[in-house]
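S.K.: Please find one structure pasted underneath; my questions will follow.
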Amino acid sequence: MNYSTLIEPRSSRYPEALHKMRLVPMRRLLEGATEGCVPLRVTLTQEADQQIFMCHVSNITDQRHSWKVTRSDYEFESLKNDILDHATCQSSSCSGSCEAIRDYLTTCFPKKRFLGLRHRHRSEERKQRFESMLMHLLRCVLLPGSAMRCFTSRKCLPPKLFHFLQVDDAKDRRSLLQIFVDNHQQSIANESLSESDEYDNSHCTICMDTLQQDCSQDEDKEEDDSETATVAFPCGHLFHRDCIFEWLLFQFHCPLCRSRVGPKAVKSYCCAKKSIQWWLGDFEQDPLEEVGSVKTC
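Structural data, given as structure tokens:
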């Protein structure tokens, strides 16, 4: 999907812009201290064989949903190399943060001289580095930010990361704002558009195809999470679920009226070497809090 005509210029400012910004030092990212509202969490434990790690993955929206994945040093290195070579673009005019992602991975990844050491301190450091790497990649994929603005990273990075962590359920793959929109469908569906709204809600303005308008309020109706299902934004504008869910990977405004999606948040910036990456965090209210039952049209 080409979103180039909908993405705002970098210099644009909106009346409902974020009220705070902050700079996150690279050191804090390496320590894994900025998880924020990332929907998935990963912690690592080391097996008796110090080259093997157990990844404990959990969905913070459902504490009962968690699983374990066993990975080796070699598999971590393969993931890193795969992302460097195939999940980030090499273009100097990249619209996202591919260079920042590569800089982070090369800085964060344990040096080869550590791999053969059995010293407890070195083993703990290696485990922490792997854990920080996974959490940063989840931050890139699941929080709205600059990482997913690039088409290459948006299409290639999430599948590789989810495969590594065995995130098989589609609900576990949803980004933070995708969960927010899903959780608020019932309350949004009951709100009518303003009479002054000039937009035609009969078509999705991203793909221009017709929208389904037979939204059912039947509590027993199974949730529709198909690509052509219709979802409503807090502002009242309607879109195809699949179209707008891709948009929400890197934007936090309605593509039509530019009203903010989700609570106010802090826009965090991190400078890796000469490249910059940003993402949302520290929301005023919990964007993952459920509001009623999920409804889609």
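Following my numbering, the numbering of the sequence shown begins with 2 at its first residue and continues without gaps. Virtual Cβ for every residue (Gly too), placed ideally from N, Cα, C.
Could you round the C-beta distance between residue 279 and residue 146 to whole angstroms and report it? I think they count as a contact, below 8 Å.
M.R.: At roughly 5 Å, the Cβ-Cβ gap stays under 8 Å, so residue 279 and residue 146 are in contact.
S.K.: Could you pull the start and end residues of the beta strand (DSSP E) that residue 268 belongs to?
M.R.: 267-273
S.K.: Which class does residue 82 belong to by DSSP, given the choice of helix, strand or coil?
M.R.: helix
S.K.: Which class does residue 154 belong to by DSSP, given the choice of helix, strand or coil?
M.R.: helix
S.K.: Smallest Cα separation from residue 102: which of 67, 128, 141?
M.R.: 141
S.K.: Decide if residue 112 is buried, meaning its Cβ has at least 16 other Cβ atoms within 10 Å, or exposed.
M.R.: With fewer than 16 other Cβ atoms within 10 Å, it is exposed.
S.K.: In chain order, what residues of the same chain have a beta carbon less than 6 Å from the beta carbon of residue 231, not counting five sequence neighbours either side?
M.R.: 212, 213, 239, 298
S.K.: Quickly, what does DSSP pair residue 60 with across the bridge? List them, please.
M.R.: 41, 63
S.K.: Using C-beta distances below 6 Å, list every residue in its chain close to residue 153, excluding the 5 sequence neighbours before and after it, in chain order.
M.R.: 90
S.K.: Quick check on the burial criterion: 16 or more other C-beta atoms within 10 angstroms. Buried or exposed for residue 60?
M.R.: buried
S.K.: Is it buried or exposed, residue 134, if we count other Cβ atoms within 10 angstroms and call 16 or more buried?
M.R.: buried
S.K.: What span of residues does the alpha helix (DSSP H) with residue 262 cover, start to end?
M.R.: Run containing residue 262: none; DSSP gives neither H nor E here.
S.K.: What does the Cβ neighbour count give for residue 82, buried or exposed, with the cut at 16 atoms within 10 Å?
M.R.: exposed
S.K.: Take residue 197 and list the residues in its own chain whose beta-carbon comes closer than 8 Å to its own, dropping the five residues that flank it on each side.
M.R.: Summary for residue 197: the model assigns pLDDT 41, below 50, so the residue's position carries little reliability; its value from the coordinates is reported in the next sentence. Cβ neighbours of residue 197 beyond the five flanking positions: none.
S.K.: On the three-state DSSP scale, how would you describe residue 129?
M.R.: Annotated three-state conformation of residue 129 is helix, per DSSP.
S.K.: For the stretch 147-167 against the stretch 254-262, are there 3 or more C-beta pairs whose distance is under 8 Å?
M.R.: Cβ pair count under 8 Å is below three, so no.
S.K.: When the cut-off is 8 Å and only beta carbons count, does residue 125 lie next to chain B?
M.R.: Judged by its chain identifiers, the structure shown contains no chain B, having just a single protein chain.
S.K.: Quick check on residue 124: does DSSP put it in helix, strand or coil?
M.R.: helix
S.K.: List the whole-angstrom C-beta distance separating residue 166 from residue 43, where the pair is believed to meet the contact cut-off of C-beta under 8 Å.
M.R.: In this structure residue 166 touches residue 43 by the C-beta definition: roughly 7 Å separates them, less than 8 Å.
S.K.: Distance check for residue 47 and residue 67, CA to CA, integer angstroms please.
M.R.: 18 Å
S.K.: Please classify residue 159 as buried or exposed, where buried requires at least 16 neighbouring CB atoms within 10 angstroms.
M.R.: buried
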